[in-house]
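Under the numbering used here, think of the first position of the sequence shown as 16, with each following residue one higher. Cβ coordinates follow ideal geometry from the N, Cα and C atoms, glycine included. Written below as structure tokens is the structure these notes are about.
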Amino acid sequence: MDLGLGGKIAIVTGASAGIGLACSRALYMEGASVVMVARDSVRLQKAADSIVGNSAASEIPSRIVMVAGDMGDPATSKTVVSTALEHYGRIDIVINNAGSAKAGAFFELSEDVFTEAWNFKLLGYIRLVKEAAPHMIDQKDGRIVNIVGGAGRTPNPNFLAGSTANAALLNFTRGISKELAKSNVRINAISPGSTATERAETLTRQHAQASGISYDEQKTLMNKSIPLGHLVDPDEIASMALLLVSDRVPSITGTEIVIDGGQQPGV
Ligand SMILES: NC(=O)c1ccc[n+]([C@@H]2O[C@H](COP(=O)([O-])OP(=O)(O)OC[C@H]3O[C@@H](n4cnc5c(N)ncnc54)[C@H](OP(=O)(O)O)[C@@H]3O)[C@@H](O)[C@H]2O)c1
16 MDLGLGGKIA IVTGASAGIG LACSRALYME GASVVMVARD SVRLQKAADS IVGNSAASEI
76 PSRIVMVAGD MGDPATSKTV VSTALEHYGR IDIVINNAGS AKAGAFFELS EDVFTEAWNF
136 KLLGYIRLVK EAAPHMIDQK DGRIVNIVGG AGRTPNPNFL AGSTANAALL NFTRGISKEL
196 AKSNVRINAI SPGSTATERA ETLTRQHAQA SGISYDEQKT LMNKSIPLGH LVDPDEIASM
256 ALLLVSDRVP SITGTEIVID GGQQPGV
């Protein structure tokens, strides 16, 4: 399937590992240029090297630009957008992906855990849309994907900082889609279920602690809760993200695609 992404300019946050790295690699393989964002510049460099299949920093081709920054800091969204514009003169695609929240028993979590999650994931995504979308509106074309998470619809008492941020992001995605649609800018959410990344390992440890069970017991419980019987592969999330930012389905906006092995209960 020709996705028509050659020559497009993309921003991917949380790009040095997991889902963000899978999205960056997939976009690069399709011929897009990618502005990769994460905090640790050494890991970011390694991720970029792994994409181009060469460990020499000097050989990173002009289709990858790295920004080392914290997406919880409002200044980073501005830097990311200005860097993309300086290098490429336009922004076609944003994959909002850098986000996390601590899991833990509700009565043991401090308020800071909530404000950190809301600032980093919820406001982080909103800020980047606010910075990047005006350029897409001027171009009368743009595509945004927010990587959210199944807890937005299926809250977990041991993950309420993340669940509430995700629920708000689904609301934001749907709400802003109406405004952006006037200028042919599309925005959608992908909600991964348990996906095989470092973050899934961390969350499993935190959930085990909150429930007073071992890591292995928590892992067994999680695997049993997935009807298809396996974690999601980050490349699956990347494939769906590419479809959503392509011209293959140009009428889709404001929606959420759930990729979770059938884990989500209810309709
Ligand atoms: N994995 C799952 O099971 C799962 C399920 C549902 C939703 N999600 C969502 O999917 C997204 C990606 O998760 P993942 O599992 O791929 O995570 P991951 O494997 O832990 O990778 C996280 C990436 O984000 C970067 N990052 C972390 N904090 C950052 C910050 N403050 N500013 C900029 N970059 C930052 C990391 O690099 P640095 O540490 O160097 O910054 C790394 O590149 C998240 O929004 C997560 O909530 C994941």
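- Secondary structure note for Arg201: its beta strand (DSSP E) is the uninterrupted segment 200-207.
- Look at Asn161 here: in three-state DSSP terms it is strand.
- A direct Cα-Cα distance of roughly 13 Å separates Met16 from Met44.
- The secondary-structure analysis by DSSP pairs Asn111 across a beta bridge with Asn161.
- Judged by DSSP secondary structure, Glu271 falls within the beta strand (DSSP E) whose first and last residues are 271-274.
- As computed with DSSP, Ile26 is found in a beta bridge with Val50, Val109.
- For the 7 Å CB-CB criterion, Thr219 and Pro249 do not form a contact.
- A contact is defined here as three or more CB-CB pairs under 8 Å, and the region 161-169 meets this definition with respect to the region 202-217.
- Val144: member of the alpha helix (DSSP H) spanning 139-154, first to last residue.
- Linking Met151 to Ser77 through their CA atoms gives a straight-line distance of about 22 Å.
- When distances are taken from the beta-carbon of Arg54 to the heavy atoms of ligand 1, the shortest one is below 6 Å.
- When the five nearest sequence neighbours on each side are left out, the beta carbons in the same chain lying within less than 8 Å of the beta carbon of Val128 are those of Ala116, Lys117, Gly119, Ala176, in order along the chain.
- At least one heavy atom of ligand 1 lies closer than 6 Å to the C-beta of Asn112.
- With a cutoff of 7 Å on beta-carbon distance, Lys23 and Ala47 are scored as near each other.
- Taken in chain order, the complete beta strand (DSSP E) segments of 3 or more residues contained in the region 209-260 number zero; there are none.
- Taken atom to atom, the span from the alpha-carbon of Asp64 to that of Arg158 is near 26 Å.
- Between Leu259 and Ile267, the beta carbon gap of about 7 Å places them in contact (Cβ cut-off 8 Å).
- C-alpha of Ser261 to C-alpha of Ser229: approximately 43 Å in a straight line.
- Three or more beta-carbon pairs separated by less than 8 Å are not found between the region 79-89 and the region 186-202, which leaves the two stretches without contact.
- In terms of CA proximity to Gln60, Ala30 leads the group Ala30, Pro89, Asp88.
- The Cβ-Cβ distance between Ile34 and Asn112 falls below 7 Å.
- The three-state secondary structure of Ala166, taken from DSSP, is helix.
- Between ligand 1 and Ile152, a heavy atom-to-CB distance of less than 6 Å is absent.
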